[in-house]
Each structure stands twice: as structure tokens, then as C-alpha cells.
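Student:
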């Protein structure tokens with residue numbers, strides 16, 4: 029077994045069970061490319077302090093590039109004795125360049141090295157998540173443009189409440205996911221601070237130009253405090269929270285669509301490409317894509333709980349507990365990226381049955397419009413609410429719809445009802461009474477779509 033990079037003060041080997049227990053290679057290989065980039069940048073920085081001559085640094089950078097190419101091609105694999113991908117990279121470099129490779133860790137700890145690798149991973153995948161969100165947002169807008177006057181029941185408590193347009197519903201999803209995209213953009217700005225040079229906790233004794241190093245690696249600035257840089261994982265938590273919030277929004281939409289695509293509603297149909305069948309029942313077309321999004325949401329929330337629980341009790345500075353941040357981070361990012369890809373496809377291919385939505389409108393949906401009608405004729409709203417409530421009770425007692433009550437019956441409840449009350453019983457009339465900014469009226473929803481398109485255009 030190869031000697032550990034920290035073996036100098038130890039007189040006996042690590043127990044095999046401890047080797048297995050602390051092993052992280054099976055997941056931290058995801059940091060391989062970022063670790064290569066960090067090593068290359070650090071080699072160039074070490075020229076400034078005389079550890080490498082310029083030509084030696086070039087040799088190191090070239091050898092690291094070879095290692096990268098061979099690893100990606102599958103020609104290079106870590107050994108079981110490598111603790112992690114970082115020690116594997118250092119070993120490969122040392123095997124190729126001898127003492128020249130062994131100098132790469134001068135002035136550096138795995139604490140700041142790993143923290144920097146993770147930041148680079150975050151920067152990369154926050155960009156990928158934001159791009160996936162924008163693709164989903166664009167799909168939502170394209171669907172919404174076709175349905176500004178597609179009327180459907182709006183629900184509260186899963187009970188029909190007021191008519192809304194399907195586009196208004198879709199745009200509610202847009203603005204939820206837009207906030208998620210903005211949240212990730214804010215997280216990215218905080219991630220763009222480089223820990224490299226912080227050492228184990230006190231800062232490197234070799235005074236490299238950390239500002240130049242940060243620029244070389246694509247960061248906006250170096251960290252201000254070395255202890256903070258190596259000991260906190262708030263940005264990992266923040267990213268996984270961002271993933272959790274995205275998944276919550278996707279899960280709620282998935283729940284709506286699972287219900288609305290069922291036989292009891294038939295408002296929408298999922299494209300066959302995003303459904304599966306049954307091994308027993310030939311007729312089944314199951315919404316597995318949406319069910320998996322809903323199920324994976326619990327998994328991603330679990331990743332967040334894992335991180336927060338891990339972080340809550342550790343002391344300041346690096347502790348090995350922090351190794352446990354990688355798997356929940358990688359998992360949550362992978363599941364969220366995959367879910368967004370599926371969601372975008374589902375939205376883009378969604379089939380909408382306008383007539384089924386319209387047929388589902390219960391005349392009771394016009395109760396609020398009737399109350400507003402009375403208010404416009406001078407009745408206080410609370411009294412109007414009570415009068416229309418009496419009309420609802422009367423319709424239920426007579427087993428007729430609210431719109432089937434005779435004018436004389438309504439006038440017995442209030443003389444303010446006039447023949448023009450029947451004009452209320454049109455879903456588009458109801459919709460267009462709500463052209464207030466942000467409302468479900470056709471013009472209001474068109475404004476929302478224009479706002480959304482402006483955001484997407486700016487976000488490119």
C-alpha cells in the first residue's frame with residue numbers, strides 16, 4: 029500500500045475498516061477537472077515565490093493536462109489506496125515529475141484546495157442550473173402565449189373558486205421559477221470568492237498574489253478571511269436550498285398536472301414521450317415523469333436536511349465532517365438538473381383541452397362576480413357577500429345551478445339585482461373584470477408574458 033501523504037508522524041498503518049470508512053473516491057471524482065485547474069493555477073502562482081522556475085511551472089501545467097486527458101479517456105484510474113481524487117492527482121503528478129511534482133502542495137492545505145474545487149464546481153453547476161431554468165421558463169412562456177383566453181376553474185383548497193386563464197396559471201409557475209433563477213444568480217455571486225491561499229486555517233506562508241490567482245481561476249476576488257474560507261459550507265447549503273426550492277415548485281406543478289391529466293379532469297394530456305405504460309393493464313398511460321419529479325423532491329429536501337444537520341454542531345475551522353457535504357451536494361444538483369430537463373420537455377409538449385376546461389366551470393364560480401355587482405350598486409361588500417351566500421344556499425336547496433335562479437328569486441334577496449346580472453355568467457367577462465396589474469384578465473396576462481419575455485431576453 030502506498031504511503032499516505034500525511035504519514036510522517038504515524039508509526040502504524042490505518043486499519044482497513046478505517047480506510048473503507050473514510051474513503052471518498054467513489055464520489056469526489058466529480059471534482060477531478062476542477063482539481064486539475066486548481067493545481068495548474070497554483071503551480072503558476074508558486075513561480076512568484078520561487079518554488080518553481082517559469083519553465084518548471086510549465087512542465088507541471090503540461091503534466092497536469094496530460095493527466096486530465098488520460099483520466100477522461102479512461103486510461104488512468106485512481107488506486108484503492110488513494111484517499112481522494114486530490115491525493116490521486118498529486119500522486120500521478122509526482123510519479124511523472126518526481127520532486128518537481130511533489131512541490132505542488134507547497135504553501136497549500138487540502139482544506140483550501142478542496143474548498144476551491146467545490147467553489148469551482150458550484151460556479152459551473154449554478155450556471156448549468158440557471159440555463160436549465162431559463163429553458164423551462166421559455167417553454168412556459170410559449171405555452172402561455174397560446175392560452176391567454178383559455179378559461180379554466182381556478183382552485184383554492186382544491187375546490188373551484190374563480191375562473192382564471194390557463195395562461196395565468198402558467199405564468200404563476202413562470203414567476204416562481206424566475207425567482208429561483210434569480211436566487212441562484214445571487215448564490216453564484218457569493219460563490220465567486222476564492223479560498224485558495226487560505227491554507228489549513230491561518231493563511232499560506234508563501235505570499236502569492238491571491239488577486240491574480242483568483243482572476244486566473246475565474247473568481248471575482250480572493251476570500252477576506254482564511255479561517256472563514258476553509259471552515260464554512262454555507263454556499264453548499266445555499267445551493268442545495270436553491271435546488272430544494274426549485275424542486276418544490278416543480279413538484280407542486282407536477283401534482284397539479286397529475287390530477288388534471290387524470291380521467292376525472294382531462295384538462296391536459298402528457299405527450300407519450302413523457303409517460304409509461306403498465307406491465308399488466310394495456311390501457312394505462314402513466315405520468316411517471318411528473319411522479320418522479322414529485323418523488324425526487326423529497327430526496328433533494330433530504331439532501332438539504334443532511335447538510336444543515338451536519339453543519340449545526342461542528343466547531344469553527346475544518347473538521348472531517350465536512351467531507352460529508354459532497355454527496356448531498358452532487359445528488360441534489362444532479363436530480364434538479366435532470367428534473368428541469370424533464371419538466372421543460374413536459375411543458376413544451378403539453379396538450380391542452382380547452383373545451384374540457386370550459387366544461388368544468390361550475391356556475392358557482394360567478395358568486396364573487398355577483399357580490400361585486402351588488403357592491404357596484406352601493407351595497408357594502410360584507411352585506412353583498414351574505415346576500416350571494418343566501419343565493420348559493422337557495423340554489424343548492426332547489427338543486428339548480430346559481431345561474432339558473434330566476435331574476436325574481438334573486439330580487440327577493442336584493443332589489444339591486446337587475447336583468448343585466450346575467451351578463452356576469454360568461455367566463456371571459458369574469459376574466460376581463462380582472463385586468464388589474466397582475467390579474468387574470470387577458471390584457472393583464474399579456475403584460476405578464478411581455479415582462480417574462482423581457483426577462484428571458486436580458487438573461488441570455
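Numbering (this note's numbering), first residue to last: 29 to 488.
Idealized CB from N, CA, C, for every residue including glycine.
1. Run through DSSP, which three-state label would residue 29 get?
2. Between residue 114 and the rest of its own chain, which residues show a CB-CB distance below 7 Å, the 5 nearest in sequence each way excluded?
3. Does the pairing of the region 379-396 with the region 354-369 give three or more beta-carbon distances under 8 Å?
4. Report the option in 213, 411, 65 whose CA atom is closest to the CA atom of residue 487.
5. If you count every other CB in all the chains shown that lies within 10 Å of the CB of residue 469, and 16 or more means buried, which is it?
6. Once DSSP output is grouped into helix, strand and coil, what is the label at residue 193?
7. Give the list of continuous alpha helix (DSSP H) stretches no shorter than 4 residues that lie fully inside the region 364-405.
8. Suppose contacts are defined by Cβ-Cβ distances below 8 Å. Is residue 135 in contact with residue 232 by that definition?
9. In the DSSP output, which residue or residues are listed as bridge partners for residue 187?
10. With H, G and I counted as helix, E and B as strand and the rest as coil, what does DSSP make of residue 304?
11. Smallest Cα separation from residue 339: which of 259, 285, 485?
12. Roughly how many angstroms lie between the CA atoms of residue 449 and residue 289, to the nearest whole one?
13. So, under 8 Å CB-CB, residue 91 and residue 125 are touching, yes? Tell me the CB distance rounded to an integer number of Å.
14. What's the C-alpha gap between residue 150 and residue 389?
15. Using 8 Å as the Cβ pair cut-off and three pairs as the minimum, do the region 422-436 and the region 355-364 touch?
16. On the criterion of 16 or more Cβ atoms from any shown chain inside 10 Å, does residue 29 qualify as buried, or is it exposed?
17. Over what stretch of residues does the alpha helix (DSSP H) that includes residue 277 continue unbroken?
18. What did DSSP end up calling residue 428 once you bin it into helix, strand or coil?
19. Smallest Cα separation from residue 282: which of 362, 373, 177?
20. Where does residue 309 land, buried or exposed, given buried means 16+ other C-beta within 10 angstroms?
21. Taking the alpha carbon of residue 154 as the reference point, which residue from 263, 243, 202 has its own alpha carbon closest?
22. Nearest-angstrom Cα distance between residue 387 and residue 426?
23. Measuring only the C-alpha atoms, how far is residue 57 from residue 112?
24. Can you tell me where the alpha helix (DSSP H) with residue 231 in it begins and where it stops?
25. With which residues is residue 222 paired in a DSSP beta bridge?
26. Reducing DSSP to helix, strand and coil, say where residue 297 ends up.
27. Does DSSP classify residue 67 as helix, strand or coil?
28. So residue 202 packs on residue 482, CB below 8 Å; how close in whole Å?
29. Could you pull out every residue in the same chain whose Cβ sits closer than 6 Å to the Cβ of residue 334, ignoring the five residues on either side in sequence?
30. When you compare only the Cα positions, how much space is there between residue 218 and residue 463?
31. For residue 413, collect the residues of the same chain with a Cβ closer than 7 Å to its Cβ; drop the 5 residues on either side in sequence, then sort them by chain order.
32. Between residue 441 and the rest of its own chain, which residues show a CB-CB distance below 7 Å, the 5 nearest in sequence each way excluded?
33. Alpha carbon to alpha carbon, what distance is there between residue 467 and residue 489?
Tutor: In terms of the structure at hand:
1. With a pLDDT of 45 at residue 29, under the threshold of 50, the modelled position of that residue is not reliable, and the figure given next carries that caveat. Three-state result, residue 29: coil.
2. 63, 138, 141, 142
3. no
4. 213
5. buried
6. strand
7. 382-387, 395-404
8. yes
9. 184
10. strand
11. 259
12. 34 Å
13. 6 Å
14. 47 Å
15. no
16. Its pLDDT being 45, under 50, residue 29 is placed unreliably by the model, and nothing is read from it.
17. 262-288
18. coil
19. 373
20. exposed
21. 263
22. 22 Å
23. 8 Å
24. Residue 231 -> no alpha helix (DSSP H), and no H or E assigned at all.
25. 250
26. strand
27. helix
28. No, residue 202 and residue 482 are not in contact; Cβ-Cβ is about 12 Å, not under 8 Å.
29. 356
30. 39 Å
31. 399
32. 415, 418, 419
33. Outside the displayed span of the chain (29 to 488) sits residue 489, for which this structure offers no information.
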